[in-house]
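Protein chains in written order, with the numbering used here: chain A, 302 to 720; chain B, 302 to 720. Below is one structure; the comments refer to it alone.
Number of protein chains: 2
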Amino acid sequence: MTMPSAQGGTTNLLAFSRERGEGKHFRAFRVLLTLAACVALILPAFAQDLRGTGDLGLVIERAKGSIQLLDTTKKVALGRVQGLGDLSHASVVFSRDARYAYVFGRDGGLSKVDLLTGAIVKRVIQSGNSIGGAISQDGGIIAAANYTPGGVKFFDSETLELISEIPARSEVTGQLSKVVGLEEAAGNRFTFSLFEAGEIWQADLSQDPKNPKVTRHTGIGKEPYDALVTGDGRWYVAGLFGEDGIAVLDLWHPERGVRRALPAYGRGEQKLPVYKMPHLETWAVSGNLAFIPGVGRHEVVLVDISTWQKIGTIPVAGQPVFVMAEPTGRRLWVNFAFPHYDTVQVIDVESREIVHTMKPGKAVLHMEFTPRGEHVWISVRDENRIQIHDTASFAKLGEIPADAPSGIFFSSRAHRFGL
Amino acid sequence: MTMPSAQGGTTNLLAFSRERGEGKHFRAFRVLLTLAACVALILPAFAQDLRGTGDLGLVIERAKGSIQLLDTTKKVALGRVQGLGDLSHASVVFSRDARYAYVFGRDGGLSKVDLLTGAIVKRVIQSGNSIGGAISQDGGIIAAANYTPGGVKFFDSETLELISEIPARSEVTGQLSKVVGLEEAAGNRFTFSLFEAGEIWQADLSQDPKNPKVTRHTGIGKEPYDALVTGDGRWYVAGLFGEDGIAVLDLWHPERGVRRALPAYGRGEQKLPVYKMPHLETWAVSGNLAFIPGVGRHEVVLVDISTWQKIGTIPVAGQPVFVMAEPTGRRLWVNFAFPHYDTVQVIDVESREIVHTMKPGKAVLHMEFTPRGEHVWISVRDENRIQIHDTASFAKLGEIPADAPSGIFFSSRAHRFGL
């Protein structure tokens, strides 16, 4: 049973009840009660009470175009929000008050979802094809990276009204490029990469958001396909699809330009079969070390970020997709591309040894740590569930049904850079 | 005009109105309106609407025994909560949902304050004299460090019911010690120091919170007076009042025991006049470097935390009290003891140069960065105000009246270690 909410979102109350394991009759009664409450208050079921928003989150249900809202304290789903369009490769950022999630859909849809009420407060179709977005340091500006037409659009985070846009037309080739790897930087600046043109651009919205000041770095390498900013906001790193190596920009010193590093990092001359290009946004950084997924290889690569030199590798069970550091930086959790996508391995940073291997189920797509790292939430797509594990004992603490879950995003991301 | 709230807290509505700069008549009308609302809903004025809690905070008004709730998005005070007892040297931790603040008073009072309603949900007098506290990694346990009687008490974060306690009786001297430097560690563990006995104890509540497992490190140095845990939860560092040097415990390897470091750090043999022992909880860490206040000296000391060796000093305007890193780690903000307590200096981490000096007013007591570092809030005690500055331009963006403000605490601390 799906019912529209006042603001245009939809809430699947029956699914919500089912997740709470309630009996059939009580469920029917509850649905009726909630229906009545919705009519009375014009708000979905989970909108009634004051509550904190620091322990909320959501999971993407890619096939359905829906999300489920999550409570990391009670370890439950709070309800489902539907009508978000194509959520394949969806990404999410959060408002600075940790109340609203901005969901970027593949179809160019940008939706502002209220984590308290489950309502879609606002939704715009802002392009034909989008790959993700970012939120300014002060929380006032939402930026969306678009494939079609290639460029970046900036929106008021309150109203989702368009503030300005930057078409990604290279001055070298004259063509529009797809924009990838859009990341926020200090001072309401954003950095992004142009896939076809092989450029990295910086947009400065600190003075006049309606007229972004753009700095262009050209010839940075072939086909940048994704990028990351380190947690301190200093290093912008783009991975290259068209050749080996990475492109690195020091955002503390953009005047020094983009430099190339890790010349042997990539698919190599023999073009190893790569089942999935690794995600970059969550490269693990612990002290001065970065731990990055080997491309097409069964290894995690260690890089010293003070020199951007490779200093070692750690052999793992498959081709890594995400290499994620616990918030304490003490251990890394790694998942893998097909055919090893049933496996998660945990690496001790200090000894660089694998301390645990587990098989949560078919198609582990994503992992998210609770803000202080006591638990990890793992989406297991083909088993239609999220698993919650204790990071110290690895014990499974619970699971939540979800429809082919992919990305999990917690609201504490509101307070951190480059996520 | 002060009125009691339903749960025992009090809310100064007039002061709240005054801070909003409203006219006299409107103010009277507003107070009446709010009174009516309070009678109707049995909740203080600011309890009406759903809102996110990621951008909330509070400032301690030490002389009055009150706090003001703060909104970092609108840059306003939301209201005053009174009846919190002796708030000299008060400290605060936040619930994992970022809704509740736990305020530790010097008089042994522990108050749970609802940031949404301003109500004191629960208040216990848990000792005769307390110096601060911590919250477990999973948010379930509040720990209070007590001078009288010396020891640590653990409370359920939901109910504030006592779970267990550890009297700080040294097995070497047989006497109770004052407990200082209580910090949480991963896995629902806590670490703290015994002032008179010169010991560091670890309490493990991960298995059975009613029976904490205690590990004692003896002979760690004379009179530890404060301590910190680095942001990654790894290093516990105690400052020594009775001799020079610091005591360092690697919480990843407690079996290696406490070691001494920085033998020349402290008051020295000539016993320099020390106007105020520097606070430790906020030692700035950027990469592998820690920046710590020189004791009795006009300098910031640089320490390599991979070796715990001093590697340099930066001359500053006075005896530093707080040396705090912006969330990006790029710059340090330093305030000073009397007679330089009107000054704040900003240091660029990379060049180690002072890039800005400002004089916000008499008695700068504390500074707090917004979670992603775009602004800093500064409490200027003798001017009875908080000043809000842009961290990039240093420009003053606003000020908020406050009665002799001291510590400022934002709810995003809920998600970080060792604060």
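For each residue, glycine too, the CB sits at the ideal point set by N, CA and C.
Residues in the region 676-704 of chain A with C-beta within 7 Å of chain B's C-beta atoms, listed in sequence order? Within the region 676-704 of chain A, the residues whose Cβ lies closer than 7 Å to some Cβ of chain B are Ala693, listed in chain order.
is_contact[proline 555 of chain A, chain B] using C-beta, thresh 8 Å: In the first sequence, the residue the question calls residue 555 of chain A occupies position 254. With 8 Å as the cut-off, proline 555 of chain A does not count as an interface residue toward chain B.
Using a beta-carbon distance below 8 Å, is isoleucine 648 of chain B in contact with chain A? Here residue 648 of chain B is taken as the residue at index 347 of the second sequence, counted from 1. Chain A contact via Cβ: absent.
Segment contact flag, the region 472-485 of chain B with the region 437-457 of chain B, C-beta cutoff 8 Å, min 3 pairs: Output reads yes: the region 437-457 of chain B touches the region 472-485 of chain B.
Threonine 418 of chain B touches chain A at which residues, Cβ-Cβ below 9 Å? In the second sequence, counting from the first residue as 1, residue 418 of chain B sits at position 117. Here the neighbours are Leu351.
At 3 residues or longer, and completely inside the region 401-472 of chain B: list those beta strand (DSSP E) runs for me, N to C. Entirely contained in the region 401-472 of chain B, the beta strand (DSSP E) runs reaching 3 residues are, in chain order, 401-405, 410-415, 421-426, 430-436, 442-449, 452-457 and 463-468.
Can you check which of these residues, A/Arg470, A/Leu483, A/Val473 and A/Gly475, is closest to phenylalanine 455 of chain A by C-alpha distance? Here the question's residue 455 of chain A lines up with position 154 in the first sequence. When C-alpha distances from phenylalanine 455 of chain A are compared across A/Arg470, A/Leu483, A/Val473 and A/Gly475, the shortest belongs to A/Leu483.
Quick check on the burial criterion: 16 or more other C-beta atoms within 10 angstroms. Buried or exposed for phenylalanine 330 of chain A? Within the first sequence, numbered from 1, the residue matching residue 330 of chain A stands at position 29. Below a pLDDT of 50, predicted positions are generally treated as unreliable, and phenylalanine 330 of chain A, at 46, falls in that range; no measurement from the model is reported.
Can you find a CB in chain B that lies within less than 8 Å of the CB of proline 510 of chain A? What you label residue 510 of chain A is simply residue 209 of the first sequence in a count that begins at 1. For proline 510 of chain A, the nearest beta carbon of chain B is not closer than 8 Å to its own beta carbon.
Report the CB separation of isoleucine 593 of chain A from valine 622 of chain A in whole angstroms; it is logged as a contact under 8 Å. One-based indexing of the first sequence puts residue 593 of chain A at position 292. One-based indexing of the first sequence puts residue 622 of chain A at position 321. The distance from the Cβ of isoleucine 593 of chain A to that of valine 622 of chain A is about 12 Å, inconsistent with a contact at the 8 Å cut-off.
Can you tell me whether leucine 379 of chain B is buried or exposed, with buried defined as 16 or more other CB within 10 angstroms of its CB? Residue mapping note: residue 379 of chain B aligns to position 78 of the second sequence, counting from 1. Leucine 379 of chain B should be labelled buried.
Could you give the distance in angstroms between the alpha-carbon of serine 437 of chain A and the alpha-carbon of phenylalanine 639 of chain B? Taking the first residue of the first sequence as position 1, residue 437 of chain A is located at position 136. Taking the first residue of the second sequence as position 1, residue 639 of chain B is located at position 338. Straight-line Cα distance between these residues: approximately 38 Å.
Kindly list, in the order they appear in chain A, the residues whose Cβ is closer than 9 Å to that of serine 674 of chain B. Start at 1 with the first residue of the second sequence, and residue 674 of chain B comes out as number 373. Residue identity differs from the one stated: residue 674 of chain B is glycine in this sequence, not serine. Taking a Cβ-Cβ cut-off of 9 Å, the neighbours of glycine 674 of chain B in chain A comprise Gln438, Ala487, Gly534 and Phe718, given in sequence order.
Less than 8 Å between CB atoms is the rule here; does glycine 522 of chain B satisfy it with respect to chain A? As a first step, residue 522 of chain B must be located in the second sequence, where it is residue number 221. No, its Cβ sits nowhere closer than 8 Å to a Cβ of chain A.
If I measure Cβ to Cβ from histidine 716 of chain A and keep anything under 6 Å in the same chain, skipping five residues before and after, which residues do I get? Indexing the first sequence from 1 puts residue 716 of chain A at position 415. Answer for histidine 716 of chain A: no residue qualifies.
Between glycine 355 of chain A and glycine 699 of chain A, what straight-line distance do the alpha-carbon atoms span, to the nearest angstrom? By one-based count along the first sequence, residue 355 of chain A stands at place 54. By one-based count along the first sequence, residue 699 of chain A stands at place 398. So the alpha carbons of these two residues sit roughly 20 Å apart.
Give the DSSP-derived three-state secondary structure of proline 555 of chain A in the structure shown. If you number the first sequence from 1, residue 555 of chain A lands on position 254. Of the three classes helix, strand and coil, the one that applies to proline 555 of chain A here is helix, per DSSP.
Whether or not the region 598-609 of chain A and the region 661-680 of chain A are in contact is what I'm after, with contact meaning three or more pairs of Cβ atoms, one per stretch, closer than 8 Å; do they touch? Output reads no: the region 598-609 of chain A does not touch the region 661-680 of chain A.
Tell me which residue opens and which closes the beta strand (DSSP E) that alanine 591 of chain B is part of. The sequence position of residue 591 of chain B within the second sequence is 290, counting from 1. 590-594 is the extent of the beta strand (DSSP E) around alanine 591 of chain B.
Alpha carbon to alpha carbon, what distance is there between valine 645 of chain B and proline 702 of chain B? For this step, residue 702 of chain B is matched to residue 401 along the second sequence. For this step, residue 645 of chain B is matched to residue 344 along the second sequence. Looking at the two C-alpha atoms, the distance is approximately 20 Å.
Exposed or buried, threonine 460 of chain A, counting other C-beta atoms within 10 Å across all chains shown (16 or more means buried)? The residue given as residue 460 of chain A occupies position 159 in the first sequence. Classification for threonine 460 of chain A: exposed.
Whole angstroms is fine: what's the gap from glutamate 684 of chain A's alpha carbon to proline 706 of chain A's? The sequence position of residue 684 of chain A within the first sequence is 383, counting from 1. The sequence position of residue 706 of chain A within the first sequence is 405, counting from 1. CA-to-CA, the gap between glutamate 684 of chain A and proline 706 of chain A works out to about 9 Å.
Below 8 Å on the Cβ atoms is my contact criterion, and I expect valine 656 of chain A with alanine 626 of chain A to pass it. Report the Cβ-Cβ distance as a whole number of Å. The residue you call residue 656 of chain A lines up with position 355 of the first sequence. The residue you call residue 626 of chain A lines up with position 325 of the first sequence. Here valine 656 of chain A is actually not in contact with alanine 626 of chain A; their C-beta atoms are around 14 Å apart, not less than 8 Å.
Using the rule of at least 16 other Cβ atoms within 10 Å of the residue's Cβ for burial, across every protein chain shown, is leucine 550 of chain A buried or exposed? Here residue 550 of chain A refers to the residue found at position 249 of the first sequence. Burial check for leucine 550 of chain A: the Cβ neighbour count within 10 Å reaches 16 or more, so the residue is buried.
Using a C-beta to C-beta distance shorter than 8 Å, which residues of chain A count as neighbours of glutamate 651 of chain B? Reading the second sequence from its first residue, position 350 is the one you call residue 651 of chain B. The CB of glutamate 651 of chain B comes closer than 8 Å to the CB of Trp553 in chain A, given here in chain order.
Distance check for serine 465 of chain A and serine 428 of chain A, CA to CA, integer angstroms please. Within the first sequence, numbered from 1, the residue matching residue 428 of chain A stands at position 127. Within the first sequence, numbered from 1, the residue matching residue 465 of chain A stands at position 164. One C-alpha to the other measures close to 14 Å.
Out of A/Trp502, A/Lys577, A/Arg568 and A/Gly440, which has the shortest C-alpha to C-alpha gap to valine 453 of chain A? Locating residue 453 of chain A in the first sequence gives position 152, where the first residue counts as 1. Ranking the options by Cα distance to valine 453 of chain A, first place goes to A/Trp502.
If you count every other CB in all the chains shown that lies within 10 Å of the CB of valine 473 of chain B, and 16 or more means buried, which is it? Here the question's residue 473 of chain B lines up with position 172 in the second sequence. Result: exposed.
For arginine 632 of chain B, three-class secondary structure by DSSP: In the second sequence, the residue the question calls residue 632 of chain B occupies position 331. Strand at arginine 632 of chain B.
Hey, how far is the Cα of glycine 619 of chain A from the Cα of proline 513 of chain B? Locating residue 619 of chain A in the first sequence gives position 318, where the first residue counts as 1. Locating residue 513 of chain B in the second sequence gives position 212, where the first residue counts as 1. Taking the straight line from one Cα to the other gives about 41 Å.
Would you mind telling me which residues of chain A sit closer than 9 Å to glycine 358 of chain B, beta carbon to beta carbon, in chain order? Your numbering for residue 358 of chain B matches position 57 in the second sequence. Per Cβ cutoff of 9 Å: no residues; glycine 358 of chain B is ~12 Å from chain A at best.
Using the C-alpha atoms, what's the distance from glycine 358 of chain B back to tyrosine 403 of chain B? Looking up residue 403 of chain B in the second sequence gives position 102. Looking up residue 358 of chain B in the second sequence gives position 57. Approximately 12 Å, taken between the alpha carbons.
Mapping DSSP to helix, strand and coil, what is histidine 580 of chain B? Taking the first residue of the second sequence as position 1, residue 580 of chain B is located at position 279. Of the three classes helix, strand and coil, the one that applies to histidine 580 of chain B here is coil, per DSSP.
Along the chain, where does the beta strand (DSSP E) containing leucine 529 of chain A start, and where does it finish? Position 228 of the first sequence, counted from the first residue, corresponds to residue 529 of chain A. Note, leucine 529 of chain A: beta strand (DSSP E), 525-530.
With DSSP collapsed to three states, give me the class of arginine 381 of chain B. Counted from its first residue, the second sequence places residue 381 of chain B at position 80. Strand at arginine 381 of chain B.
Could you check the C-alpha separation between valine 414 of chain A and alanine 420 of chain A for me, to the nearest Å? Within the first sequence, numbered from 1, the residue matching residue 414 of chain A stands at position 113. Within the first sequence, numbered from 1, the residue matching residue 420 of chain A stands at position 119. So the alpha carbons of these two residues sit roughly 6 Å apart.
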